[in-house]
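Some notes on the structure that comes next.
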Amino acid sequence: MKIILLVISCLLIFTIHLEARTPTSDYPFMTADAALASGRSYDYIIVGGGTAGCPLAATLSQHFSVLVLERGGSPYGNPDIENRDRFGKPLQEANNYTSIAQGFVTEDGLLLHRARVLGGATAINAGFYSRASLEYIRNMGWDEKLVNSSYEWVEKQNAFRPNKLSGWASAFKNALLQAQFLPYNGYTVDHVEGTKISASTFDNNGKRHTAADLLQKANPKNIVVLLNATASRILFNSTGGKLKASGVEFLSTVNGQSYKVLLNQFSGRSEVILSAGSLGSPQLLLLSGIGPSEHLKEFNIPVLLNLTSVGKDVQDNP
């Protein structure tokens, strides 16, 4: 049986009546002062404050020092992000250097967008929320109980159940059922066969809740979120012929200057974590000298590690 999700966002078709939640809009640990952030070392440096980077940073900050490098700005106070009625406007204004979304055309001629803001794609997408399939989780070798508890943690803050469908939602749901996309599962956030109504990241007031809201759970003493900081390369040390990340070099788009941030040398757990999306993460590896050697040589990038799989086999999420 075909798997059909009712993926028309609540942004467009749901009238939502839910309990309101108000995220913190001004985190004390969020700054655009690159000099301030680069003046210390960290247990973890996360490149990319998006859908995965924000909750990961919040979790790690409970026990470790964390720096998040985000190339965009804050999503808070921007009506083009927060207001459901203005959905799509950032996608229409994606051609300048500081836009919230960055447009590009693929080799196949498809117009796509990358987010350039704290919260990542959750700040510009249609707001549909659903869990992944159990099959996918098992194939990845993940702990199902831990994954489900993580889902619940996110859903308590960012997922909203619609109590009423708009006319468009009802019409679309009925069309799917008449076409025999069965069974009808009602409301559920699980990945199921048939037709379903899922959650939205827009609340009852039409306000968007992004992954940046999950930073409310961060330990403010252990985290720095640096905005307008574009990572340019990963720094490495070579010991005994083995490469080990030691920090990140980045460019501040506030003043145009380049900075370096380093990992804590006295921590046995220190890591640079790439969370810059399916395009940004491999791009940074390539710029750092990790990737197909012939490709790197074309751009005069010194080869640190010939890893032929980097930058290849990108796939859409079905």
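Position in the sequence shown counted from 1, then plus 401, gives you my numbering.
Note that CB positions come from ideal geometry on N, CA and C, so glycine has one too.
Item                                                                                                                                                                : Value
Could you pull the start and end residues of the alpha helix (DSSP H) that H696 belongs to?                                                                         : 694 to 699
Note down the Cα distance separating S475 from P491, rounded to an integer number of angstroms.                                                                     : 14 Å
Taking only three categories from DSSP, how would you classify F573?                                                                                                : helix
Classify I446 as helix, strand or coil using the three-state DSSP reduction.                                                                                        : strand
Around the C-beta of L686, are 16 or more other C-beta atoms found within 10 angstroms, so that it is buried, or is it exposed?                                     : buried
Given V715, which residues of its chain have a CB within under 7 Å of its CB, disregarding the five upstream and five downstream residues?                          : S679
Taking DSSP as the reference, what is the three-state secondary structure of L616?                                                                                  : helix
Between which two residues does the alpha helix (DSSP H) harbouring Y537 extend?                                                                                    : 535 to 541
Which term fits R670, buried or exposed, when burial requires 16 or more other beta carbons within 10 angstroms of its beta carbon?                                 : exposed
On the CB-based measure, 16 or more other CB atoms within 10 Å of its CB, does R562 come out buried or exposed?                                                     : buried
Going along the chain, which residues of its own chain have a beta-carbon closer than 7 Å to the beta-carbon of T425, five neighbours each way excluded?            : Residue placement at T425 is poorly supported in this model, since its pLDDT is 44, which falls under 50; the coordinates still yield a value, given next. Excluding residues within five positions, the ones whose Cβ falls inside 7 Å are Q617.
For S659, which residues in the same chain have their Cβ closer than 6 Å to its Cβ, ignoring the five residues on either side in sequence?                          : L652
Identify which residue in A630, M541, I525, E695 has its Cα closest to the Cα of L437.                                                                              : A630
Could you compute how far the alpha carbon of L513 sits from the alpha carbon of I538?                                                                              : 27 Å
Determine the DSSP secondary structure at Q493, reduced to helix, strand or coil.                                                                                   : helix
Can you check DSSP and say which residues form a bridge with I624?                                                                                                  : V467
Cα-Cα, which of L615, A576, A612, N606 is closest to K597?                                                                                                          : A576
For L644, which three-state DSSP category applies?                                                                                                                  : strand
Which residues does DSSP pair with I691 in a beta bridge?                                                                                                           : L706
Measuring CB to CB, does A560 end up less than 9 Å from Y530?                                                                                                       : yes
With a threshold of 6 Å on Cβ separation, who are the neighbours of Y552 within its own chain once the five nearest residues in sequence on each side are excluded? : R532
Assign T499 to one of three DSSP states: helix, strand, or coil.                                                                                                    : coil
Is the number of C-beta pairs between the segment 624 to 642 and the segment 442 to 461 that are closer than 8 Å three or more?                                     : yes
Which same chain residues end up closer than 7 Å to I691 when comparing Cβ atoms and leaving out the 5 residues on each side of it in sequence?                     : L705, L706, L708, V711
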